[in-house]
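Only one structure is covered here, and it is reproduced in the block below.
Number of protein chains: 2
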Amino acid sequence: MSSSTRPTAAALIIGNEILSGRTADENIVVIARKLSEMGIDLSEVRVVPDVEARIVEALNALRRTYTYVLTTGGIGPTHDDITMAATAKAFGVPLVEDPQAISALEAYFTPAAMNPARRRMALVPQGARLVECAATAAPGACIENVFIFAGVPEIMESMLDAIADALARGPQTYVHTVSCSGLPESMIADELTALASRVPMIDIGSYPTFEAGKIGLSLVVRGEDAVKVKEAAEAISELIRAQGVEPEIREGY
Amino acid sequence: MSSSTRPTAAALIIGNEILSGRTADENIVVIARKLSEMGIDLSEVRVVPDVEARIVEALNALRRTYTYVLTTGGIGPTHDDITMAATAKAFGVPLVEDPQAISALEAYFTPAAMNPARRRMALVPQGARLVECAATAAPGACIENVFIFAGVPEIMESMLDAIADALARGPQTYVHTVSCSGLPESMIADELTALASRVPMIDIGSYPTFEAGKIGLSLVVRGEDAVKVKEAAEAISELIRAQGVEPEIREGY
Numbered sequence: 009m010s011s012s013t014r015p016t017a018a019a020l021i022i023g024n025e026i027l028s029g030r031t032a033d034e035n036i037v038v039i040a041r042k043l044s045e046m047g048i049d050l051s052e053v054r055v056v057p058d059v060e061a062r063i064v065e066a067l068n069a070l071r072r073t074y075t076y077v078l079t080t081g082g083i084g085p086t087h088d089d090i091t092m093a094a095t096a097k098a099f100g101v102p103l104v105e106d107p108q109a110i111s112a113l114e115a116y117f118t119p120a121a122m123n124p125a126r127r128r129m130a131l132v133p134q135g136a137r138l139v140e141c142a143a144t145a146a147p148g149a150c151i152e153n154v155f156i157f158a159g160v161p162e163i164m165e166s167m168l169d170a171i172a173d174a175l176a177r178g179p180q181t182y183v184h185t186v187s188c189s190g191l192p193e194s195m196i197a198d199e200l201t202a203l204a205s206r207v208p209m210i211d212i213g214s215y216p217t218f219e220a221g222k223i224g225l226s227l228v229v230r231g232e233d234a235v236k237v238k239e240a241a242e243a244i245s246e247l248i249r250a251q252g253v254e255p256e257i258r259e260g261y
Numbered sequence: 009m010s011s012s013t014r015p016t017a018a019a020l021i022i023g024n025e026i027l028s029g030r031t032a033d034e035n036i037v038v039i040a041r042k043l044s045e046m047g048i049d050l051s052e053v054r055v056v057p058d059v060e061a062r063i064v065e066a067l068n069a070l071r072r073t074y075t076y077v078l079t080t081g082g083i084g085p086t087h088d089d090i091t092m093a094a095t096a097k098a099f100g101v102p103l104v105e106d107p108q109a110i111s112a113l114e115a116y117f118t119p120a121a122m123n124p125a126r127r128r129m130a131l132v133p134q135g136a137r138l139v140e141c142a143a144t145a146a147p148g149a150c151i152e153n154v155f156i157f158a159g160v161p162e163i164m165e166s167m168l169d170a171i172a173d174a175l176a177r178g179p180q181t182y183v184h185t186v187s188c189s190g191l192p193e194s195m196i197a198d199e200l201t202a203l204a205s206r207v208p209m210i211d212i213g214s215y216p217t218f219e220a221g222k223i224g225l226s227l228v229v230r231g232e233d234a235v236k237v238k239e240a241a242e243a244i245s246e247l248i249r250a251q252g253v254e255p256e257i258r259e260g261y
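Going down the list, the sequences are from chains H and Y. So for the first sequence, this note's numbering puts the first residue at 9; every next one is plus one. So for the second sequence, this note's numbering puts the first residue at 9; every next one is plus one.
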């Protein structure tokens, strides 16, 4: 989107399992959708391995560039859970045991069952606030503009929901999708380019699909001005009709 | 992985549709798996919007850091397809019409049906070679260590397969997965940490799952030494058995 009034965000996905192909990330699309609904532009995503220096470098680059940074993965009791330590290093603060987190973990595991690994889950960067959610006793954390979430999708989403009200929101985005079958995008591309240049505050995306040998096309129109979004979608529909194809317009994606 | 003999790679995912949440990326996991099979470490992924300056910046950072950069998205005939132009800019070369690409497009569309938008699909950075594949007449391109692929998953995969033989390969990686049910990772985390520190060339990942209220745990052991990978997996199995839980070991993920 093109607006200086919208907060921006980056997602930092931390995990060897994503980069090795062992696990297909499910968090990016959830973060993208939820931020979009809040009028926040997800402006960048990075995926980095469980390597402290890489997390520190990415976190420092992103937190200085965007309104918010949301990290996923690498919190927990095992040796590969290093996001809290890396975040502390990025901010130049020590890792400290949070008494409230200890209480939550003791309540969950019982005090007798607390072992060193479980105590580790109460370590957060000094100055961080906890992110607590219904899905787990092991908290996430927030320090300045950085939110540290779990990587397990159900827990990540629960943590994101838990902090949603703390984020500044931007203006609502209106979306219309114009779709049709059997029309190559190259038949209307020149006219689309001309249209897009006439509506600079409106984002028009052209997404062809190829399924079972049939081509489909979705044109997605997004912007903060509901009237202009609708008008652009109608103009696109006319371009498609001029090719002898009947389009379908819908609100949303 | 920890080895200086392995080529490295970054994936640059280009597309507003991923950042808006309209589309769930399907390419990262395919790239990750295929590179992994080739002994190439996918070391970073970035997702950036259809904004030339952002693509140029990311491309220049990544191509100077990793052996290979694979981009997805933003090639095609429409106004939002700017990857070829951005790549030319990143390399400081002009965008030129490739005669071989024109021939391929004319053969597909017929010469009479070539319009300006279709000709645009033959523009590549000067000095680039085409990446041709069975799935499309619109080529990708390769310039130095950068491979430019389509964003449509079927086409991306076809292009990646088409260039696979041109990539340097690293040593084979061996993977064993030890999995069990009902055991929280925090019960074996301290022992796992000790084990991981004894086998620095072996990567051990701990991945809890929560499905339908049941906890599961997968420990993934990866490395270039097949014997040490198997030994580490067996040592992990013993840690689990010591908790009264019967683990399952399998090769692969």
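We put the CB at the ideal spot given by N, CA and C, even for glycine. This one's a predicted model, so the numbers in the text were calculated from it and none came from an experiment.
Quick one: what's got a C-beta closer than 7 Å to residue i's C-beta in the same chain, skipping five residues either side?
i: I36/Y; result: A19, I21, V53
i: I171/H; result: V139, C150, F155
i: S238/Y; result: Before going further, note that residue 238/Y is Lys rather than Ser in the sequence given. Hits under 7 Å: H184.
I need the boundaries of the beta strand (DSSP E) containing residue i, first residue and last residue.
i: I151/H; result: 144 to 151
i: E259/Y; result: 256 to 259
i: L78/H; result: 76 to 80
i: R137/H; result: 137 to 141
i: R230/Y; result: 222 to 231
i: P133/Y; result: 131 to 133
i: I156/H; result: 154 to 157
i: S51/H; result: 49 to 56
i: L27/H; result: No beta strand (DSSP E) contains L27/H, which is instead part of the alpha helix (DSSP H) from 24 to 27.
i: I212/Y; result: 211 to 219
Using a 10 Å radius around the Cβ and a threshold of 16 neighbouring Cβ atoms, would you call residue i buried or exposed?
i: A121/Y; result: exposed
i: R249/H; result: exposed
i: A61/H; result: exposed
i: A109/H; result: buried
i: D169/H; result: exposed
i: G126/H; result: Per the sequence shown, residue 126/H should be read as Arg rather than Gly. When all chains shown are included, R126/H counts as buried.
So, at 8 Å on beta carbons, what are the nonlocal neighbours of residue i in its own chain, with the 5 sequence-adjacent residues on each side left out?
i: K236/H; result: V207, M209, I210
i: L70/Y; result: A18, L20, E52, R54, V77
i: S245/H; result: V186, P255, I257
i: I223/H; result: S189, G190, L191, P192, P216, T217
i: R128/Y; result: P85, D89
i: L247/H; result: I196, E199, L200, L203
i: P179/H; result: S11, T13, R14, G47, E232
i: Q251/H; result: L191, M195, I196
Looking at the unbroken alpha helix (DSSP H) that takes in residue i, where does it start and where does it end?
i: P124/H; result: 124 to 128
i: D169/H; result: 161 to 171
i: A234/Y; result: 234 to 249
i: A98/Y; result: 91 to 99
i: A66/H; result: 60 to 71
i: V207/Y; result: Segment: none, V207/Y is in no alpha helix (DSSP H) and carries neither H nor E.
i: V253/Y; result: From DSSP, V253/Y is part of no alpha helix (DSSP H); its letter is neither H nor E.
i: S44/H; result: 35 to 45
i: S111/H; result: 107 to 117
Straight-line CA distance for residue i to residue j?
i: V160/Y; j: S205/Y; result: 42 Å
i: R14/H; j: T80/Y; result: 27 Å
i: V268/Y; j: N24/Y; result: Not covered by the structure: residue 268/Y. The range shown for chain Y is 9 to 261.
i: T118/H; j: G135/H; result: 27 Å
i: I212/H; j: N68/H; result: 32 Å
i: A234/Y; j: Y182/Y; result: 6 Å
i: S194/Y; j: T95/Y; result: 47 Å
i: D106/H; j: V132/H; result: 7 Å
i: A145/H; j: I26/Y; result: 31 Å
i: E162/Y; j: R41/Y; result: 15 Å
i: A174/Y; j: G221/H; result: 29 Å
i: L50/Y; j: T91/H; result: 20 Å
i: E219/Y; j: E34/H; result: 15 Å
i: V59/Y; j: G29/Y; result: 17 Å
Below 6 Å CB to CB, which residues in the same chain sit around residue i once its five sequence neighbours on both sides are set aside?
i: S226/Y; result: T185, S187, Y215
i: A158/Y; result: I83, M164
i: G148/H; result: V139, I156, F157, M167
i: R230/H; result: T181, V183, D211
i: G260/Y; result: V183
i: T263/Y; result: No answer is possible for residue 263/Y: it lies beyond the span of chain Y, which begins at 9 and ends at 261.
i: A66/Y; result: L20, R54, V56
i: S111/Y; result: none
**Prompt:** Which residues, taken in chain order from the segment 32 to 55 of chain Y, show a beta carbon closer than 9 Å to some beta carbon of chain H?
**Reply:** When C-beta distances to chain H are compared with 9 Å, the residues of the segment 32 to 55 of chain Y below that value are A32, D33, E34, I36, V37, V38, I39, A40, R41, K42, L43, S44, E45, D49, L50, S51, E52, V53, R54, V55, in chain order.
**Item:** Interface positions of the segment 61 to 89 of chain Y facing chain H (Cβ-Cβ less than 9 Å), listed along the chain
**Value:** R62, A66, G84, P85, T86, H87, D88, D89
**chain Y contacts made by the segment 209 to 235 of chain H, where a contact means CB separation under 8 Å** = Listed by position along the chain: D211, I212, G213, S214, Y215, P216, T217, F218, V228, R230.
**Prompt:** Closer than 9 Å, Cβ to any Cβ of chain Y: which residues of the segment 19 to 32 of chain H, in chain order?
**Reply:** Cβ contacts with chain Y: A19, I21, G23, N24, E25, I26, L27, S28, G29, R30, T31, A32.
**Request:** With 7 Å as the C-beta to C-beta threshold (strictly closer), list the residues of the segment 189 to 206 of chain H near chain Y in chain order.
**Result:** Listed by position along the chain: E193, S194, A197, D198, L200, T201, A204.
**Message:** Beta carbons nearer than 7 Å to chain Y: which residues of the segment 106 to 127 of chain H have them?
**Reply:** N123, P124, A125, R126
**Cβ-based contacts, 7 Å cut-off: residues of the segment 145 to 176 of chain Y near chain H** = V160, E162
**Residues within the segment 244 to 261 of chain H neighbouring chain Y, beta-carbon criterion of under 8 Å** = Y261
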